[in-house]
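Residue numbers (our numbering): 359 to 508. Here is the structure we will look at, set down as structure tokens.
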């Protein structure tokens, strides 16, 4: 079973709880990196970064990070080598990001996108497969060089 990591701060807490429940109902193994309770004073890096590190180590198949807008979660998770995170708010990019760019972490805005739309985005993201065409591999190699400081 493919394990999905999920994490959120106060801005994404309600959406994280909804998505985690839906994932479990649909047979996914879910590792919840928190926050485990609503705390209006928490900070998204405390939850999304450990999840991104687990993804980078190969402990997770894919990750989902939620904060108020999704922007902060996206910025923080992209600092972890091997993580290819993107803030997604529509269907096309949810699959195209995986197919062409091997996106492995989905960022969502808990204050921006409703639960129904977010669930559609999540299912599209999880169903998508990296195509691995030569042009895609070439581009990812360039990104890997950036991660190595080149």
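Cβ coordinates follow ideal geometry from the N, Cα and C atoms, glycine included.
Work out the CA separation of residue 479 and residue 450 for me, nearest whole Å.
Along the chain shown, one-based indexing puts residue 450 at 92. Along the chain shown, one-based indexing puts residue 479 at 121. Roughly 9 Å between the two C-alpha positions.
Where residue 439 and residue 390 are concerned, what is the direct C-alpha to C-alpha distance, given to the nearest angstrom?
Translated into positions along the chain shown, residue 439 becomes position 81. Translated into positions along the chain shown, residue 390 becomes position 32. So the alpha carbons of these two residues sit roughly 21 Å apart.
Pair within 8 Å by beta-carbon distance, residue 412 and residue 455
Translated into the one-based positions of the chain shown, residue 412 becomes position 54. Translated into the one-based positions of the chain shown, residue 455 becomes position 97. Residue 412 is not a Cβ neighbour of residue 455, given a cutoff of 8 Å.
Rank 488, 372, 505 by C-alpha distance to the C-alpha of residue 472 and give the top, closest one.
Reading the chain shown from its first residue, position 114 is the one you call residue 472. Here the closest residue by C-alpha is 372.
Status (buried if at least 16 other CB within 10 Å, exposed otherwise) for residue 418
Taking the first residue of the chain shown as position 1, residue 418 is located at position 60. Its Cβ being crowded by 16 or more others within 10 Å, residue 418 is buried.
Span of the beta strand (DSSP E) holding residue 387?
By 1-based counting over the chain shown, the position of residue 387 is 29. For residue 387, the enclosing beta strand (DSSP E) stretches over residues 387-390.
Do you know offhand how far residue 361's Cα is from residue 387's?
Within the chain shown, residue 361 is the residue found at index 3, counting from 1. Within the chain shown, residue 387 is the residue found at index 29, counting from 1. Distance between the alpha carbons of residue 361 and residue 387 is about 5 Å.
DSSP puts residue 429 in a beta bridge; with which residues?
Translated into positions along the chain shown, residue 429 becomes position 71. None; residue 429 has no bridge partner.
Exposed unless 16 or more other CB atoms sit within 10 angstroms - verdict on residue 384:
For the purposes of this step, residue 384 is identified with residue 26 of the chain shown, where counting begins at 1. Here residue 384 is exposed. Its C-beta has fewer than 16 other C-beta atoms within 10 Å.
Three-state secondary structure (DSSP) at residue 337?
The structure shown does not extend to residue 337, since the chain is modelled only from 359 to 508, so the question has no answer here.
Answer yes or no: do residue 431 and residue 393 have a C-beta to C-beta separation smaller than 8 Å?
Taking the chain shown and counting its residues from 1, one reaches residue 431 at position 73. Taking the chain shown and counting its residues from 1, one reaches residue 393 at position 35. Not in contact: residue 431 and residue 393 (Cβ atoms no closer than 8 Å).
Just curious, the beta strand (DSSP E) that residue 363 is in, first and last residue?
Locating residue 363 in the chain shown gives position 5, counting from the first residue. Run containing residue 363: 361-366, per the beta strand (DSSP E) assignment.
Roughly how many whole angstroms lie between the Cα atoms of residue 424 and residue 377?
Your numbering for residue 424 matches position 66 in the chain shown. Your numbering for residue 377 matches position 19 in the chain shown. Rounded to whole angstroms, the gap between the alpha carbons of residue 424 and residue 377 is 10 Å.
Can the beta-carbon of residue 434 be found closer than 8 Å to that of residue 402?
Looking up residue 434 in the chain shown gives position 76. Looking up residue 402 in the chain shown gives position 44. Going by beta carbons, residue 434 and residue 402 fall inside the 8 Å limit.
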